[in-house]
Amino acid sequence: MRVATWNVNSIRARLPRLIAWLEAQEPDVVCLQETKCVDDEFPWDALSELGYEAVHHGQKTYNGVAILSKTPIEDAFRGFPDDAEDEQRRVIGGTIGGIQFLDLYVVNGEKVGSEKYERKLIWLERLVDFLASYYDLGTPLVVLGDFNITRDDRDVYDPERFRDKILCSGPEREFLEAILDLGFVDLVREHYPQGGLYTWFDFRTRGFERGQGLRIDHVLATPPAARACVEVEVDLTERGQEKPSDHAPVIVTFEV
Numbered sequence: 721m722r723v724a725t726w727n728v729n730s731i732r733a734r735l736p737r738l739i740a741w742l743e744a745q746e747p748d749v750v751c752l753q754e755t756k757c758v759d760d761e762f763p764w765d766a767l768s769e770l771g772y773e774a775v776h777h778g779q780k781t782y783n784g785v786a787i788l789s790k791t792p793i794e795d796a797f798r799g800f801p802d803d804a805e806d807e808q809r810r811v812i813g814g815t816i817g818g819i820q821f822l823d824l825y826v827v828n829g830e831k832v833g834s835e836k837y838e839r840k841l842i843w844l845e846r847l848v849d850f851l852a853s854y855y856d857l858g859t860p861l862v863v864l865g866d867f868n869i870t871r872d873d874r875d876v877y878d879p880e881r882f883r884d885k886i887l888c889s890g891p892e893r894e895f896l897e898a899i900l901d902l903g904f905v906d907l908v909r910e911h912y913p914q915g916g917l918y919t920w921f922d923f924r925t926r927g928f929e930r931g932q933g934l935r936i937d938h939v940l941a942t943p944p945a946a947r948a949c950v951e952v953e954v955d956l957t958e959r960g961q962e963k964p965s966d967h968a969p970v971i972v973t974f975e976v
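According to my numbering, the sequence shown is numbered sequentially starting from 721.
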């Protein structure tokens, strides 16, 4: 089973790239973030023509998450159980082929110390509580998406430049470690312990062209799922295409 996570940074703007990528890579499951559209604007038909069924949790202009699968998606849910009706669309889950998937678009936080940063930390605390209480962590579970957090300095092209800045601050990283402490395995780190494998490159600084990136897109798995993982890759070729997302897809392969 080939599973991918990709922040597409607007599914309507990126639809030609998404279709071409799906045709070339043929993943079995794809978790998308920042679809930036309501359900009525989601490209259901285009994806169905490629053999994918989908579940989507979207809103106008911002956020939005979706799961695509070549096989049925069971027990799908949207958001945290205690979400308000107007909650930002950042969480979607379901079960595919006996593996539970949780697709996340974590709050960015904008700037350390800002109101948005404090909201990010509150949201992350809710996420940790949800994972600890909602799931049996002894079963196959994959939590993946755009976490907007680097795990440590190996995930930062210039650690000193980003020291204590957004995406790299101590409190953010502590929440990511709290998730791992529940029993999750960081699959990219497991396969590439040396670091230097980045998933996001800033458009504004021509980060991709300069090799200046961060690893903020993660695939975390409980031990039963992690043991089945045989390959991990970041598709930097896609990031180098014309009119790309600022994120590269992360692909993991499970033997199931």
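All C-beta atoms, glycine included, are put in the ideal place defined by N, C-alpha and C. Just so it is clear, the structure is predicted and the values come from calculations on it, not from any experiment.
DSSP three-state assignment for residue i, whether helix, strand or coil
i: alanine 968; result: coil
i: valine 954; result: strand
i: leucine 770; result: coil
i: isoleucine 936; result: coil
i: leucine 861; result: strand
i: glutamate 978; result: Residue 978 falls outside the range modelled here, since the chain spans only 721 to 976, and no answer is possible.
i: leucine 841; result: helix
i: isoleucine 787; result: strand
i: leucine 902; result: coil
i: leucine 752; result: strand
i: glycine 813; result: strand
i: phenylalanine 895; result: helix
i: isoleucine 739; result: helix
i: arginine 732; result: coil
i: valine 723; result: strand
Closest by C-alpha distance to residue i, when choosing among the options
i: glutamate 962; options: Val876, Ala724, Phe800 and Trp741; result: Trp741
i: aspartate 856; options: Pro944, Gly915 and Glu835; result: Pro944
i: valine 750; options: Leu902, Ile793 and Tyr854; result: Ile793
i: arginine 810; options: Arg935, Tyr918, Gly778 and Thr725; result: Gly778
i: tyrosine 854; options: Ser889, Lys836, Phe895 and Leu902; result: Leu902
i: alanine 766; options: Ala744, Leu735, Val848 and Gln808; result: Leu735
i: glutamate 743; options: Val976, Glu910, Glu958 and Gly818; result: Glu958
i: arginine 924; options: Lys885, Val848 and Asp966; result: Asp966
i: asparagine 727; options: Ala852, Val939 and Pro891; result: Val939
Whole-angstrom distance between residue j and residue i, CA atom to CA atom
i: glutamate 929; j: aspartate 873; result: 21 Å
i: leucine 738; j: leucine 788; result: 12 Å
i: lysine 756; j: asparagine 729; result: 7 Å
i: tyrosine 772; j: glutamate 880; result: 43 Å
i: glycine 813; j: phenylalanine 850; result: 12 Å
i: glutamate 769; j: threonine 791; result: 14 Å
i: aspartate 748; j: isoleucine 842; result: 33 Å
i: glutamate 805; j: isoleucine 971; result: 32 Å
i: aspartate 955; j: proline 801; result: 33 Å
i: phenylalanine 974; j: arginine 722; result: 6 Å
i: aspartate 878; j: aspartate 760; result: 41 Å
i: tyrosine 837; j: aspartate 922; result: 20 Å
i: arginine 883; j: alanine 724; result: 29 Å
i: glycine 915; j: alanine 968; result: 16 Å
i: arginine 926; j: proline 964; result: 12 Å
i: asparagine 828; j: valine 848; result: 17 Å
i: glycine 833; j: glutamine 808; result: 21 Å
i: threonine 815; j: valine 775; result: 11 Å
i: tyrosine 782; j: leucine 752; result: 13 Å
i: leucine 934; j: cysteine 888; result: 9 Å
i: glutamate 897; j: arginine 871; result: 8 Å
i: glycine 931; j: aspartate 875; result: 12 Å
i: aspartate 803; j: alanine 786; result: 17 Å
i: arginine 732; j: valine 908; result: 28 Å
i: proline 763; j: lysine 780; result: 14 Å
i: glycine 960; j: glutamate 845; result: 35 Å
i: glutamate 910; j: alanine 948; result: 13 Å
C-beta contact flag for residue i and residue j at 8 Å
i: tryptophan 920; j: aspartate 937; result: yes
i: arginine 839; j: isoleucine 869; result: no
i: glutamate 754; j: glycine 784; result: yes
i: tyrosine 912; j: valine 952; result: yes
i: glycine 797; j: valine 826; result: What sits at residue 797 in the sequence shown is phenylalanine, not glycine. Cβ distance not < 8 Å, so phenylalanine 797 and valine 826 don't count as in contact.
i: phenylalanine 895; j: alanine 941; result: no
i: isoleucine 899; j: lysine 831; result: no
i: leucine 976; j: glycine 858; result: One point to set straight first is that residue 976 is valine, not leucine, in the sequence displayed. No; because the gap between Cβ atoms is not below 8 Å, this pair is not in contact.
Any contact of the segment 821-829 with the segment 856-868, i.e. 3+ C-beta pairs under 8 Å?
yes
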